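S.K.:
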Amino acid sequence: MSVDRTPDPTPGATADAGRGATAAPMPVRDAPPVVAIAGASKTWSGGTRALAPVDLAIRAGEFVTLLGPSGCGKSTLLNLVAGLAAPTTGTLSWWGGAFDATGSPGRRLAFVFQAPTLMPWARVDANVRLPLDLAGVPRARADAEVGAALARVRLGDFARHFPRELSGGMQMRVSIARALVTEPNLLLMDEPFGALDEITRNKLDADLIQLWWKKKLTVVFVTHSIYEAIFLSTRIVVMAARPGRVLKNVVIDEPHPRTEGFRVTQKFAAYAKELTELLAEASAKGATDL
Ligand SMILES: Nc1ncnc2c1ncn2[C@@H]1O[C@H](COP(=O)(O)OP(=O)(O)OP(=O)(O)O)[C@@H](O)[C@H]1O
Ligand SMILES: [Mg+2]
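Counted the way my numbering counts, the sequence shown spans residues 1380 to 1669.
#1: Going by alpha carbons, who is nearest to residue 1425 out of 1448, 1449 and 1467?
#2: Apply the 10 Å Cβ neighbour rule to residue 1555 and answer buried if 16 or more other Cβ atoms are within range, or exposed otherwise.
#3: Residue 1527 to residue 1519, Cα distance in whole Å?
#4: Please identify the residue among 1476, 1549 and 1633 whose C-alpha is closest to the C-alpha of residue 1341.
#5: Would you call residue 1498 buried or exposed, if buried means 16 or more other Cβ atoms sit within 10 Å of its Cβ?
#6: Could you spell out where the beta strand (DSSP E) holding residue 1545 opens and where it closes?
#7: Does the Cβ of residue 1595 have 16 or more other Cβ atoms within 10 Å, making it buried, or fewer, making it exposed?
#8: Can you list, in chain order, every residue whose CB sits closer than 7 Å to a heavy atom of ligand 2?
#9: Looking at residue 1429 and ligand 1, is the gap between the Cβ and the nearest heavy atom below 7 Å?
#10: Does the Cβ of residue 1640 lie closer than 7 Å to at least one heavy atom of ligand 1?
#11: On the premise that residue 1661 lies in contact with residue 1451, defined as a C-beta separation below 8 Å, what is that separation, rounded to the nearest angstrom?
#12: So, helix, strand or coil for residue 1598, using DSSP?
#13: Do residue 1493 and residue 1620 have their C-beta atoms closer together than 8 Å?
Spelled out as structure tokens, the structure:
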């Protein structure tokens, strides 16, 4: 089933985009999307109409951010993508229908929540090992994978610490390591750095974009922050509220790997202006506009 009713905004979809050593991982335009959302809406059991029908295709290698005012259905949409909630109408299809949301060997989905949700009584390495323990991975192999995941988030020296001995930013990095240890094909992140100060958040954003780039991940990320969204994303999905819906796709046409310098460019400022105006529109529009 085709879900693209509008021109494809995927970066790399045009003939000359994404070429060269500094290009983003090339999404494969003609490959089935990692997730295809077709007319998916959500009305919660209490009657809250959280999402009007959404059509969205997320392709391999994209870093897609859902950006919008509080209550516009970002978490609801992410939960649908995770398979944690079922759509009221419409369908979602993962990996071209070959695998469900839980995936199967070779197709894995990981979720990072806003809070690190670590087990306080367990050391950092045991926290990161949890998904492997649950999957019955032999201990020696699991330990090697935990070591590699902690190294990726620069926490190799903290494996034997308890969560309470770490800063908030370090705890979020443990949470990311726990998601990465399963080698996900699709990484879902719901405001993972929302509770952190801006400097720490910028640093973790830079780490995350490096990881995405090196590991060729596909990411769906949620944030309220225009600046975080521009810095990270290959595409921003701007959402509006009452009911939640997609207002516009904005492709961030900036090569990777991106560095802090991008934040102070005119191009960055121009995207910030465009998105500020779109968000003002998103906040102003109500159900009467539909
Ligand atoms: N499990 C649930 N049961 C009932 N209503 C829900 C549930 N989850 C969300 N809602 C409602 O759905 C609407 C959208 O909520 P959602 O959490 O998706 O918004 P959001 O864009 O993530 O907001 P925020 O930026 O504040 O996190 C809200 O009106 C909310 O009250
Ligand atoms: Mg939310």
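We treat Cβ as the ideally placed atom computed from N, Cα and C, and that holds for glycine.
Quick caveat, the model's predicted, so the values are computed rather than measured.
M.R.: From the atom records:
#1: 1467
#2: buried
#3: 13 Å
#4: Since the first residue shown for the chain is 1380 and the last is 1669, residue 1341 is missing from the structure and cannot be characterised.
#5: exposed
#6: Taken as a continuous stretch (DSSP letters only), residue 1545 belongs to no beta strand (DSSP E), as it is neither H nor E.
#7: exposed
#8: 1453, 1454, 1569, 1570 and 1601
#9: yes
#10: no
#11: 7 Å
#12: strand
#13: no
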